[in-house]
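Let me begin by presenting the structure, written as structure tokens, before commenting on it.
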Amino acid sequence: SAVISQKPSRDICQRGTSLTIQCQVDSQVTMMFWYRQQPGQSLTLIATANQGSEATYESGFVIDKFPISRPNLTFSTLTVSNMSPEDSSIYLCSVVVGSEETQYFGPGTRLLVL
Amino acid sequence: AQSVTQLDSHVSVSEGTPVLLRCNYSSSYSPSLFWYVQHPNKGLQLLLKYTSAATLVKGINGFEAEFKKSETSFHLTKPSAHMSDAAEYFCVVSDRRTYKYIFGTGTRLKVLA
């Protein structure tokens, strides 16, 4: 398994601003993902964070809105840009360790946009 | 394409009675399946997983699930519910080529005293 931390754990932001969320893992991992969980909903995959290259985005998500970096095997950031109230969600990172298929999730970042 | 359907959005049981949370999947090849639990204001915790070994999978906290290929199901069960089991439960199918997860819509379990 892996120990995953996210910063910040929660934030309240004004519309039009941007927030960068950090995901730190205690060991090198194979894959890193970013998810969004809107209030009362299930999880939706935003993108796969690729080390040293551009992230791979899912349908409906674009780099200009959700830029992602992954400079090494243990760290990634997700930025939520030009926020609106509709961006109020929990944002979670997850990792895959080695070749096992299991994803381990961070505690999430709770974002409220006013 | 893969998909997963959780048949009940809400389930209520009395404490001490059995729990059944239903999940059906669709996959063009042999899937890997998972159940996760999310307690209020908490992250996701892995309950159990099926990755083509034994079809009856035992997980944490007394939960288990049985993979039934003929029924394309992976239902989650527990013999006796505890108040601490009240949470949101997600059934997940994994794409083995990309490691991507596809989440079900979730089932909220309520345990009555």
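Same order as they appear, the protein sequences are chains A and B. Basically our numbering = 1-based index in the first sequence + 130. Basically our numbering = 1-based index in the second sequence + 6. Just so you know, even glycine gets a beta-carbon here, dropped at the ideal spot from N, CA and C.
Chain-ordered chain B contacts of Thr232(A) [CB-CB under 8 angstroms]: Here residue 232(A) is taken as the residue at index 102 of the first sequence, counted from 1. Here the neighbours are Phe40, Leu52 and Lys55.
8 angstroms Cβ cut-off: residues of chain A touching Arg102(B): One-based indexing of the second sequence puts residue 102(B) at position 96. In chain order: Glu231.
Spatial distance of Asn30(B) from Ala179(A) (CA atoms): For the purposes of this step, residue 30(B) is identified with residue 24 of the second sequence, where counting begins at 1. For the purposes of this step, residue 179(A) is identified with residue 49 of the first sequence, where counting begins at 1. Asn30(B) and Ala179(A): Cα-Cα distance of roughly 29 angstroms.
Residues that DSSP places opposite Leu52(B) in a beta bridge: Looking up residue 52(B) in the second sequence gives position 46. According to DSSP, which records beta bridges pairwise, Leu52(B) is partnered with Tyr42(B).
Any non-hydrogen atom of the ligand MG closer than 7 angstroms to Ser36(B) Cβ: The ligand MG is absent from the structure shown, which contains no ligand whatsoever.
Contacts that Leu175(A) makes with chain B (C-beta to C-beta distance below 9 angstroms): Here the question's residue 175(A) lines up with position 45 in the first sequence. Within 9 angstroms Cβ-Cβ: Lys106, Tyr107, Ile108 and Phe109.
Contact under 8 angstroms by Cβ, Ala87(B) with Gln44(B): As a working note, residue 87(B) is residue 81 in the second sequence. As a working note, residue 44(B) is residue 38 in the second sequence. Contact: no.
CB contact check: Val210(A) to chain B, cutoff 8 angstroms: The residue labelled residue 210(A) in the question sits at position 80 within the first sequence. No, its Cβ sits nowhere closer than 8 angstroms to a Cβ of chain B.
Segment contact, 8 angstroms Cβ cut-off, at least three pairs: the region 10-23 of chain B with the region 151-171 of chain A: no
Strand pairing of Asn30(B), partner residues [DSSP]: Against the second sequence, residue 30(B) aligns to sequence position 24. Answer is Thr11(B) and Ser79(B).
Assigned exposure category for Lys48(B) - 16 Cβ within 10 Å defines buried: Here the question's residue 48(B) lines up with position 42 in the second sequence. Exposed.
Backbone secondary structure at Ser90(B) - three-state DSSP: As a working mapping, residue 90(B) is identified with position 84 in the second sequence. Residue state for Ser90(B) is assigned as helix, using DSSP reduced to three classes.
Distance, Gln144(A) Cα to Phe235(A) Cα: Within the first sequence, residue 235(A) is the residue found at index 105, counting from 1. Within the first sequence, residue 144(A) is the residue found at index 14, counting from 1. C-alpha separation (whole angstroms): 27 angstroms.
For Tyr56(B), the nearest candidate out of Lys74(B), Asn67(B) and Leu50(B) (CA to CA): Taking the second sequence and counting its residues from 1, one reaches residue 56(B) at position 50. Ranking Lys74(B), Asn67(B) and Leu50(B) by Cα distance to Tyr56(B) puts Lys74(B) first.
Between the CA atoms of Thr111(B) and Thr150(A) - distance to the nearest angstrom: As a position in the first sequence, residue 150(A) is number 20, starting the count at 1. As a position in the second sequence, residue 111(B) is number 105, starting the count at 1. Each residue's Cα considered, the two are about 27 angstroms apart.
Sequence-distant residues of the same chain with beta carbon closer than 6 angstroms to Ser79(B), five excluded per side: Translated into positions along the second sequence, residue 79(B) becomes position 73. Cβ neighbours of Ser79(B) beyond the five flanking positions: Asn30.
Selection from Lys195(A), Ile220(A) and Ile134(A) that minimises the alpha carbon distance to Arg240(A): Locating residue 240(A) in the first sequence gives position 110, counting from the first residue. Nearest C-alpha to Arg240(A): Ile220(A).
Partners in chain B for Ser172(A), counting only beta-carbon separations shorter than 8 angstroms: Here the question's residue 172(A) lines up with position 42 in the first sequence. Result: Phe96, Phe109, Gly110, Thr111 and Gly112.
Asp141(A) - partner residues in DSSP beta bridges: Within the first sequence, residue 141(A) is the residue found at index 11, counting from 1. BP columns for Asp141(A) point to Leu241(A).
CB contact below 8 angstroms: Gly22(B) versus chain A: In the second sequence, the residue the question calls residue 22(B) occupies position 16. No, Gly22(B) lies away from the interface with chain A (no Cβ there is under 8 angstroms from its Cβ).
Cβ pair Leu222(A), Ile142(A) closer than 8 angstroms: Position 92 of the first sequence holds residue 222(A). Position 12 of the first sequence holds residue 142(A). It is not a contact, given that the beta carbons lie outside the stated cut-off.
Local conformation of Ile193(A) per DSSP, three classes: Within the first sequence, residue 193(A) is the residue found at index 63, counting from 1. Three-state DSSP puts Ile193(A) in coil, outside helix and strand.
Close Cβ partners of Val19(B) (< 8 angstroms) along its chain, the five nearest in sequence each way excluded: As a first step, residue 19(B) must be located in the second sequence, where it is residue number 13. Once the five neighbours on either side are set aside, the close Cβ partners of Val19(B) are Val25, Ala87, Leu115, Lys116, Val117 and Leu118.
Beta-carbon proximity list for His16(B), same chain, < 6 angstroms, skipping 5 on both sides: The residue given as residue 16(B) occupies position 10 in the second sequence. Within the same chain, His16(B) has close Cβ partners Arg114.
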